[in-house]
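Enquirer: Structure provided below as structure tokens; questions to follow.
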Amino acid sequence: MITGPDRLDFSLSERIMEQTGKDVWFLFYPLCSEDVKIDKTYEVSFETYRFMTETYKAKNISVLGFSSGACLALGIFLHNNALARPLPMAGKIISVSPGGIPDVTLKENKEIWEKMNALNHKDIMIEPTYFKTAREIAKGDKDLPEYMLDGTVGDFTDFPKTYFYYGENECLYAFADEFKKAMEKYQVPYEIIVGKGMCHCYPLLRFFREGRVAQDEIIELLKH
Numbered sequence: 001m002i003t004g005p006d007r008l009d010f011s012l013s014e015r016i017m018e019q020t021g022k023d024v025w026f027l028f029y030p031l032c033s034e035d036v037k038i039d040k041t042y043e044v045s046f047e048t049y050r051f052m053t054e055t056y057k058a059k060n061i062s063v064l065g066f067s068s069g070a071c072l073a074l075g076i077f078l079h080n081n082a083l084a085r086p087l088p089m090a091g092k093i094i095s096v097s098p099g100g101i102p103d104v105t106l107k108e109n110k111e112i113w114e115k116m117n118a119l120n121h122k123d124i125m126i127e128p129t130y131f132k133t134a135r136e137i138a139k140g141d142k143d144l145p146e147y148m149l150d151g152t153v154g155d156f157t158d159f160p161k162t163y164f165y166y167g168e169n170e171c172l173y174a175f176a177d178e179f180k181k182a183m184e185k186y187q188v189p190y191e192i193i194v195g196k197g198m199c200h201c202y203p204l205l206r207f208f209r210e211g212r213v214a215q216d217e218i219i220e221l222l223k224h
């Protein structure tokens, strides 16, 4: 929620439109900065979803996100639950490389921090220390609900089937077990797909065979 989309995001959006025949909403949500914190990002994303539910039946809406967008794909509905569920749930969620920015100075977050660092030597894209900085930027001095910063602690009640994609060699893969625990706690149907030897957001990268396969799987999911 700090960096914007790139050409791979745009090309995938075009491919999804061409191959599914569906409407694609590509949200340019407010990025976190010195003046904009993550609650504003949530507000805009949630209101966009509200507008979508006025345009389509919620069961026909699929929500797809990559990296910080993957956190928001989950977070919209965590926010919905925190607000006593004013909106119906989407039909499915596809979350590619979601993680969190927990307060790693707290004892209860020591294990996830250690897991992230254990994967650091394999990750060619992200350093775990980035997430400390990201929390500072996203939160600032504001008192914000923790689920906005670390989705694994949110309320997943009545979530639709949720698909997680991770690269085996990304430090955010450390969060896969945390999301698995949350899904099972709230009895949410889910699948976790792991790309062997793959990096962060590998389904965006069609020059990898594994990336092509995963991207084509995602597009197939979006057809239904």
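Just so we're aligned: the sequence shown equals residues 1 to 224 in UniProt numbering. In this text, a Cβ means the ideal position worked out from N, Cα and C, and glycines have one as well. Since this is a predicted model, take the numbers as computed values, not measurements.
Is DSSP giving residue 27 helix, strand or coil here?
Expert: Position 27 of the sequence shown, counted from the first residue, corresponds to residue 27. It is coil, neither helix nor strand.
Enquirer: I'd like to check one pair, residue 171 with residue 123: are the Cβ atoms closer than 8 Å?
Expert: Taking the sequence shown and counting its residues from 1, one reaches residue 123 at position 123. Taking the sequence shown and counting its residues from 1, one reaches residue 171 at position 171. Cβ distance < 8 Å, so residue 123 and residue 171 count as in contact.
Enquirer: Could you please give the first and the last residue of the uninterrupted beta strand (DSSP E) stretch that includes residue 126?
Expert: Here residue 126 refers to the residue found at position 126 of the sequence shown. Note, residue 126: premise wrong, no beta strand (DSSP E); not H, not E.
Enquirer: Return helix, strand or coil for residue 75, following the three-state DSSP convention.
Expert: As a working note, residue 75 is residue 75 in the sequence shown. In the structure shown, residue 75 sits in a helix (DSSP, three-state: H, G or I).
Enquirer: State buried or exposed for residue 90, treating a residue as buried only when at least 16 other CB atoms are found within 10 Å of its CB.
Expert: The residue given as residue 90 occupies position 90 in the sequence shown. That one is buried.
Enquirer: Please classify residue 224 as buried or exposed, where buried requires at least 16 neighbouring CB atoms within 10 angstroms.
Expert: Here the question's residue 224 lines up with position 224 in the sequence shown. Exposed.
Enquirer: Can you tell me the Cα-Cα spacing of residue 119 and residue 169, whole angstroms?
Expert: Counting from one through the sequence shown, the residue named residue 119 turns up at place 119. Counting from one through the sequence shown, the residue named residue 169 turns up at place 169. Approximately 7 Å, taken between the alpha carbons.
Enquirer: Answer yes or no: do residue 188 and residue 164 have a C-beta to C-beta separation smaller than 8 Å?
Expert: Within the sequence shown, the letter at position 188 stands for residue 188. Within the sequence shown, the letter at position 164 stands for residue 164. No, the Cβ-Cβ distance between residue 188 and residue 164 is not below 8 Å.
Enquirer: Going by DSSP, what residues sit across from residue 8 in a beta bridge?
Expert: Residue numbering aside, residue 8 sits at position 8 when the sequence shown is read from its first letter. Note: residue 8 sits in no beta bridge, so no partner.
Enquirer: Please check the pair residue 112 and residue 62, which I expect to be a contact at CB under 8 Å, by giving their CB distance rounded to whole angstroms.
Expert: As a working mapping, residue 112 is identified with position 112 in the sequence shown. As a working mapping, residue 62 is identified with position 62 in the sequence shown. That belief does not hold up - the Cβ atoms of residue 112 and residue 62 are roughly 28 Å apart, past 8 Å.
Enquirer: In this structure, what does DSSP give as the bridge partners for residue 195?
Expert: Reading the sequence shown from its first residue, position 195 is the one you call residue 195. For residue 195, which the question treats as bridged, DSSP gives the partners 167.
Enquirer: What's the call for residue 57, buried or exposed, on a 16-neighbour Cβ count within 10 Å?
Expert: The sequence position of residue 57 within the sequence shown is 57, counting from 1. Burial call: exposed.
Enquirer: May I have the straight-line CA-CA distance separating residue 46 from residue 107, to the nearest angstrom?
Expert: As a position in the sequence shown, residue 46 is number 46, starting the count at 1. As a position in the sequence shown, residue 107 is number 107, starting the count at 1. Rounded to whole angstroms, residue 46 to residue 107 spans 32 Å at the Cα level.
Enquirer: Provide the residue span of the alpha helix (DSSP H) that contains residue 38, from first to last.
Expert: Along the sequence shown, one-based indexing puts residue 38 at 38. Here the alpha helix (DSSP H) through residue 38 covers 38–55.
Enquirer: Which residue comes first and which comes last in the alpha helix (DSSP H) that contains residue 92?
Expert: One-based indexing of the sequence shown puts residue 92 at position 92. Element bounds for residue 92: not the alpha helix (DSSP H) but the beta strand (DSSP E), 92–96.
Enquirer: Would you call residue 14 buried or exposed, if buried means 16 or more other Cβ atoms sit within 10 Å of its Cβ?
Expert: By 1-based counting over the sequence shown, the position of residue 14 is 14. Residue 14 should be labelled exposed.
Enquirer: In this structure, does DSSP put residue 188 in helix, strand or coil?
Expert: As a working note, residue 188 is residue 188 in the sequence shown. In the structure shown, residue 188 sits in coil (DSSP, three-state: anything other than H, G, I, E or B).
Enquirer: Can you tell me whether residue 162 is helix, strand or coil according to DSSP?
Expert: For the purposes of this step, residue 162 is taken as the residue at position 162 of the sequence shown. Looking at residue 162 - three-state DSSP - the assignment turns out to be strand.
Enquirer: Pairs of beta-carbons, one from the segment 75–83 and one from the segment 138–153, closer than 8 Å: are there three or more?
Expert: Short answer: they touch.
Enquirer: Using a threshold of 8 Å, state whether the C-beta atoms of residue 138 and residue 37 are closer than that.
Expert: Taking the sequence shown and counting its residues from 1, one reaches residue 138 at position 138. Taking the sequence shown and counting its residues from 1, one reaches residue 37 at position 37. The answer is yes: Cβ separation under 8 Å.
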